[in-house]
Amino acid sequence: MTDGLVLDSIGHDYDGVPVVKDVSLQVRPGELVCLLGPSGCGKTTTLRVAAGLEAPRLGRVILNGQLVSGGGVHLPPELRHVGFLFQDYALFPHLDVLGNVTFGLRSLSDAEREARARQMLAQVGMEDYARAWPHQLSGGQQQRVALARALAPSPSLMLLDEPFSGLDKRLRDQVRDETLHVLKSTRVATLMVTHDPEEAMFMADRIAVMRGGEIVQMAAPEELYNQPRNAFVASFFGEVNLLEGVVRQGNVATALGNFPAPGLGEGTRAEVLIRPEGLSLSPAPEGEAVVLTARPLGRSSLVHLRVERAGMAPCHLHSRLRSGTAPAEEQRVTIAVDATKAFVYPIPE
Amino acid sequence: MRSPATPTGRGWSVAVFVLVAVVSLPVLAVASKLLVPSAEVWSHLAGTVLATYVANSLWLMLGVGVCVAFGGIGTAWLVTMCRFPGSRTLEWALLLPMAMPAYVVAYTYTGLLDYAGPVQSGLRVLFGWHTARDYWFPEIRSLGGAIWVMSMVLYPYVTMLARAAFLEQSVCVLEASRTLGCRPWRAFLTVALPLARPAVAAGVALALMETLNDFGTVHYFAVDTFTTGIYRTWLGLGQPAVAAQLGAVLMLFVLALVLAERISRGGRRYHHTTGRYRRLPQLRLTGFAALAAQVFCLAPILLGFLIPAGVLGLWAIEGGAERALAGEFLPLARNSVILAAVAGLAAVTVALVLAYALRLHPRPAVKSGVRLASLGYAIPGSVIAVGTLVPLTSVDRVIADMAQSTLGWSVGLLLTGSIAGLVYAYVVRFLAVAVNGVEASLGKVTPSMEAAARTLGEGSLGTLRRVHLPIIRGSLLSAGLLVFVDVMKELPATLIMRPFNFDTLATRTFTLASDERLADAGAPALAIVLAGLLPVMLLSRTIARSRPGGSP
Numbered sequence: 001m002t003d004g005l006v007l008d009s010i011g012h013d014y015d016g017v018p019v020v021k022d023v024s025l026q027v028r029p030g031e032l033v034c035l036l037g038p039s040g041c042g043k044t045t046t047l048r049v050a051a052g053l054e055a056p057r058l059g060r061v062i063l064n065g066q067l068v069s070g071g072g073v074h075l076p077p078e079l080r081h082v083g084f085l086f087q088d089y090a091l092f093p094h095l096d097v098l099g100n101v102t103f104g105l106r107s108l109s110d111a112e113r114e115a116r117a118r119q120m121l122a123q124v125g126m127e128d129y130a131r132a133w134p135h136q137l138s139g140g141q142q143q144r145v146a147l148a149r150a151l152a153p154s155p156s157l158m159l160l161d162e163p164f165s166g167l168d169k170r171l172r173d174q175v176r177d178e179t180l181h182v183l184k185s186t187r188v189a190t191l192m193v194t195h196d197p198e199e200a201m202f203m204a205d206r207i208a209v210m211r212g213g214e215i216v217q218m219a220a221p222e223e224l225y226n227q228p229r230n231a232f233v234a235s236f237f238g239e240v241n242l243l244e245g246v247v248r249q250g251n252v253a254t255a256l257g258n259f260p261a262p263g264l265g266e267g268t269r270a271e272v273l274i275r276p277e278g279l280s281l282s283p284a285p286e287g288e289a290v291v292l293t294a295r296p297l298g299r300s301s302l303v304h305l306r307v308e309r310a311g312m313a314p315c316h317l318h319s320r321l322r323s324g325t326a327p328a329e330e331q332r333v334t335i336a337v338d339a340t341k342a343f344v345y346p347i348p349e
Numbered sequence: 001m002r003s004p005a006t007p008t009g010r011g012w013s014v015a016v017f018v019l020v021a022v023v024s025l026p027v028l029a030v031a032s033k034l035l036v037p038s039a040e041v042w043s044h045l046a047g048t049v050l051a052t053y054v055a056n057s058l059w060l061m062l063g064v065g066v067c068v069a070f071g072g073i074g075t076a077w078l079v080t081m082c083r084f085p086g087s088r089t090l091e092w093a094l095l096l097p098m099a100m101p102a103y104v105v106a107y108t109y110t111g112l113l114d115y116a117g118p119v120q121s122g123l124r125v126l127f128g129w130h131t132a133r134d135y136w137f138p139e140i141r142s143l144g145g146a147i148w149v150m151s152m153v154l155y156p157y158v159t160m161l162a163r164a165a166f167l168e169q170s171v172c173v174l175e176a177s178r179t180l181g182c183r184p185w186r187a188f189l190t191v192a193l194p195l196a197r198p199a200v201a202a203g204v205a206l207a208l209m210e211t212l213n214d215f216g217t218v219h220y221f222a223v224d225t226f227t228t229g230i231y232r233t234w235l236g237l238g239q240p241a242v243a244a245q246l247g248a249v250l251m252l253f254v255l256a257l258v259l260a261e262r263i264s265r266g267g268r269r270y271h272h273t274t275g276r277y278r279r280l281p282q283l284r285l286t287g288f289a290a291l292a293a294q295v296f297c298l299a300p301i302l303l304g305f306l307i308p309a310g311v312l313g314l315w316a317i318e319g320g321a322e323r324a325l326a327g328e329f330l331p332l333a334r335n336s337v338i339l340a341a342v343a344g345l346a347a348v349t350v351a352l353v354l355a356y357a358l359r360l361h362p363r364p365a366v367k368s369g370v371r372l373a374s375l376g377y378a379i380p381g382s383v384i385a386v387g388t389l390v391p392l393t394s395v396d397r398v399i400a401d402m403a404q405s406t407l408g409w410s411v412g413l414l415l416t417g418s419i420a421g422l423v424y425a426y427v428v429r430f431l432a433v434a435v436n437g438v439e440a441s442l443g444k445v446t447p448s449m450e451a452a453a454r455t456l457g458e459g460s461l462g463t464l465r466r467v468h469l470p471i472i473r474g475s476l477l478s479a480g481l482l483v484f485v486d487v488m489k490e491l492p493a494t495l496i497m498r499p500f501n502f503d504t505l506a507t508r509t510f511t512l513a514s515d516e517r518l519a520d521a522g523a524p525a526l527a528i529v530l531a532g533l534l535p536v537m538l539l540s541r542t543i544a545r546s547r548p549g550g551s552p
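Protein chains in written order, with full-length UniProt numbering: chain U, 1 to 349; chain H, 1 to 552.
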């Protein structure tokens with residue numbers, strides 16, 4: 001048996017409405033796995049099943065080699081030894097910071113509990129706030145205390161439910177970075193839920209993309225970005241230009257030319273997704289596209305293009321270029337497509 | 001977000017089942033009499049007293065209903081929508097009569113307005129009349145008097161709920177109607193009042209439940225209603241079966257009221273259109289209008305609280321405060337306080353178990369169980385007393401038989417007529433008060449705090465102890481206080497179920513008044529009223545906080 005968390009064919013429903021269908025995944029010690037998906041995709045329920053806060057209707061949960069859910073077994077959350085970081089942090093308002101962090105430390109003496117709690121607070125940089133009350137802390141500070149509280153009993157599994165969504169953008173980046181370092185230094189297996197693909201790519205070793213209660217694709221961030229399994233995953237991980245066409249002799253004809261569509265039958269309707277950074281532009285008086293606007297966005301510029309090709313409806317595309325390389329507005333350009341950033345999928349009937 | 005639902009929490013479900021069974025037993029015991037009416041008893045009832053009871057109860061409900069609706073709506077409208085000198089004070093002072101048990105008001109007005117009372121004596125001296133034949137004076141001890149007395153103490157129910165309804169709707173629709181050209185009066189009649197109708201209906205229903213529950217007033221005024229009938233058949237005629245029959249019929253009245261209240265409350269949901277509070281468009285009253293508003297709001301406070309309280313104070317002094325203190329007052333107060341404190345503690349404990357279990361397992365079965373256990377608030381105390389005694393006597397018989405056959409001891413009736421039995425009846429009657437308070441306060445603990453405690457290694461009981469209890473301690477105290485005061489005031493169940501020779505402030509007030517020793521009743525009655533002021537203070541604090549646009 002392996003250490004860490006194993007979810008085996010988990011299925012769950014609320015009042016007959018299925019929310020999780022046949023979800024299987026594994027989190028190894030020291031690994032950080034993200035459940036990523038839009039709201040209502042079942043990712044939080046999966047997390048709660050792992051914690052024991054919900055008993056799954058189907059499937060098994062195995063924690064460090066021990067069956068904790070499934071087959072008539074359900075170990076309640078208090079006996080699972082997992083840490084849970086909540087979206088709203090859920091600090092106990094009637095206890096001060098130290099009281100919150102020592103809450104889960106019960107088998108130790110008072111002195112040991114306090115020492116352990118202070119050590120955890122130091123690790124998250126909150127040792128000066130041990131006697132503060134939760135309502136006196138900022139959102140970022142509350143998040144760090146909650147992290148210290150969850151980690152204090154040295155859980156074998158950490159579960160994070162949208163832990164940064166309550167913070168504003170600038171603070172979020174900082175807290176995210178600190179949290180990642182704390183989790184990695186404790187070598188705890190971590191399962192985290194988020195709806196933000198950038199956050200998932202920042203934090204995770206592997207990402208499970210969920211939709212409609214199912215895992216659509218599970219892979220390392222780079223693979224998900226570069227080899228998305230379907231149009232949903234591709235568009236979820238970044239902006240895409242969408243072109244449609246019909247497969248003729250193994251190719252899809254679009255306003256940007258032909259794209260190979262291996263494995264798709266003759267006459268299949270297909271969509272081509274191209275990331276904006278996959279379109280490079282070069283000025284050409286006879287080019288097929290006109291630059292509508294070019295907006296600098298810091299590190300890159302976003303160029304709006306109108307593509308006109310004989311026999312096809314004009315279409316609107318975005319290209320992302322390195323700063324300073326954007327063409328002038330109204331200019332005619334030709335477009336070169338980076339094939340590794342273009343994805344072809346059949347359109348489901 | 002959902003609460004932890006673990007199959008291992010079966011203990012809580014079992015606890016709910018047992019508690020609900022025990023608490024709803026009396027109500028079910030009486031209700032079952034409705035299903036199996038013995039024809040003989042029934043025809044006797046129908047032929048003799050039933051018609052009087054029904055007629056009196058209906059007239060009483062009609063009169064009280066009209067009066068509390070009129071007074072409650074009027075006062076609520078004036079203090080929430082208008083500004084005039086003293087309106088802020090009146091906003092909470094209007095609740096003061098809630099501290100007055102109706103029977104105490106009845107006693108004080110009888111003392112004032114009787115033939116021998118100061119008012120009639122004064123008139124006789126003033127106009128030179130000699131006997132009752134020389135002039136006409138309304139008889140206070142009558143159906144009309146009972147309507148008047150009860151309206152004076154029950155209108156705050158309508159005031160409170162109507163006020164809340166006016167506050168909810170004012171921001172969204174009243175301003176709109178004013179901008180559309182409605183004059184204030186028209187806006188009140190065409191917009192505010194129809195929108196507040198469900199709240200008013202709910203308030204009137206609550207007031208009418210209290211009317212049906214009343215025993216002291218109607219008994220003293222010799223207006224025969226169901227409660228006096230039940231009391232008489234049980235204690236006077238010694239016919240528990242007939243008393244239970246009467247109780248069952250009375251429960252039909254209550255059922256109609258509960259349904260009316262539930263239906264109107266269900267509708268209230270739709271009136272929450274916004275959670276935002278803005279300063280209310282208040283109408284500034286001056287001159288004659290302000291004076292009229294002041295008089296309209298002051299009158300019920302004066303008649304329902306200040307005058308009766310003043311009379312009680314005078315009686316207490318007249319009766320000799322030190323004599324009262326030296327005599328029976330302290331033992332009576334001790335009995336009342338201990339009884340009320342034990343009942344309050346018991347009710348809050350039961351309520352806590354029910355509300356927490358409901359939170360852990362929000363299943364329909366648990367939900368309806370908790371609702372069933374809360375039904376007692378609608379059932380008159382006399383009915384609950386009868387319903388409690390029926391199963392208690394059976395249990396006592398079983399115990400006595402067992403003790404006799406196995407141990408050879410003759411233990412008599414252990415529970416019937418005991419303090420434990422009385423506390424049981426109080427819990428049945430007032431559990432809803434505690435459940436409402438506890439349920440609302442558990443909302444302060446978010447589901448994720450609960451889940452956090454669980455993942456940090458605490459079980460459901462440990463979480464209750466280490467997280468919920470410290471957070472909701474204050475609310476538990478308030479809930480217990482409400483029950484405490486209700487028990488202090490309670491009369492019919494106490495009279496029927498109290499142990500032999502056991503008196504409380506309420507029962508002593510009742511017996512003294514029945515013996516026409518009104519002045520001696522002053523001290524115990526005043527003590528009940530003072531205790532009754534506590535929840536009024538709590539309520540007025542809540543009201544001050546809920547005042548939108550006002551200072552925090």
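By construction, the Cβ of each residue, glycine as well, lies at the ideal position given by its N, Cα and C atoms. Nothing here was measured: the structure is a model prediction, and the numbers come from that model.
Closer than 8 Å by C-beta to residue i: which residues in its own chain qualify, once you throw out the five before and the five after it? Chain order, please.
| i | result |
| --- | --- |
| U:Gln142 | Tyr89, Leu91 and Pro134 |
| U:Thr293 | Val303, His304 and Glu329 |
| H:Pro194 | none |
What does the alpha-carbon distance come out to for the pair residue i and residue j?
| i | j | result |
| --- | --- | --- |
| H:Val311 | H:Gly145 | 18 Å |
| H:Thr225 | H:Arg334 | 32 Å |
| U:Ala253 | U:Phe259 | 7 Å |
| H:Ile472 | H:Asp486 | 21 Å |
| H:Val204 | H:Glu210 | 10 Å |
| H:Tyr270 | H:Ala164 | Any reading at H:Tyr270 must be qualified, since the residue scores a pLDDT of 42, below 50, and its modelled position is unreliable; the value itself is stated next. Their backbone Cα atoms lie some 14 Å apart in a straight line. |
| H:His272 | H:Glu168 | Its pLDDT being 41, under 50, H:His272 is placed unreliably in this model, and the coordinates cannot settle the point. |
| U:Leu108 | U:Arg118 | 14 Å |
| U:Leu264 | U:Pro346 | 7 Å |
Please compile the residues from chain H whose C-beta is within a distance smaller than 7 Å of the C-beta of residue i.
| i | result |
| --- | --- |
| U:Gly104 | Leu456 and Gly457 |
| U:Glu78 | Arg454, Gly457, Glu458 and Gly459 |
| U:His94 | Pro470 and Ile471 |
| U:Pro56 | Those within 7 Å of U:Pro56 in chain H number zero; the least Cβ separation is about 11 Å. |
Apart from the five residues on each side of it in sequence, which residues of its chain come closer than 7 Å, Cβ to Cβ, to residue i?
| i | result |
| --- | --- |
| U:Thr186 | Leu151 |
So for residue i, helix, strand or coil by DSSP?
| i | result |
| --- | --- |
| H:Thr140 | Reading off the sequence, residue 140 of chain H comes out as Ile, not Thr. Of the three classes helix, strand and coil, the one that applies to H:Ile140 here is coil, per DSSP. |
| H:Ile338 | helix |
| U:Ser107 | coil |
| U:Glu283 | Checking the displayed sequence, the identity of residue 283 of chain U turns out to be Pro instead of Glu. Here U:Pro283 sits in strand by DSSP. |
| U:Gly70 | strand |
| H:Pro364 | helix |
| U:Thr293 | strand |
| U:Asp22 | strand |
Closest to residue i by CA distance: which of the options is it?
| i | options | result |
| --- | --- | --- |
| H:Gln294 | H:Leu461, H:Ser441 and H:Ser87 | H:Ser87 |
| U:Ser280 | U:Asp338, U:Val216 and U:Leu191 | U:Asp338 |
| H:Gly376 | H:Val433, H:Arg541 and H:Gly72 | H:Val433 |
| U:Val73 | U:Gln87, U:Gly52, U:Ser235 and U:Asn64 | U:Gly52 |
| U:Leu171 | U:Arg144, U:Leu32 and U:Gly11 | U:Arg144 |
| U:Glu198 | U:Ser165, U:Val182, U:Glu214 and U:Gly212 | U:Ser165 |
Below 9 Å on C-beta distance, what does residue i contact in chain C?
| i | result |
| --- | --- |
| H:Ala451 | Absent from the structure is chain C; the protein chains it does hold are U and H. |
In chain U, which residues lie with their C-beta within 9 Å of the C-beta of residue i?
| i | result |
| --- | --- |
| H:Thr446 | Phe86, Asp88 and Ala90 |
Identify the contact partners of residue i in chain U, using a Cβ-Cβ distance below 7 Å as the criterion.
| i | result |
| --- | --- |
| H:Val467 | Phe92 |
Tell me which same chain residues have a C-beta within less than 6 Å of the C-beta of residue i, skipping the five on either side of it?
| i | result |
| --- | --- |
| residue 566 of chain H | Shown here, chain H extends from 1 to 552; a query on residue 566 of chain H therefore has no answer. |
What residues of chain H sit near residue i, judged by a beta carbon separation below 8 Å?
| i | result |
| --- | --- |
| U:Pro153 | Leu456 and Gly457 |
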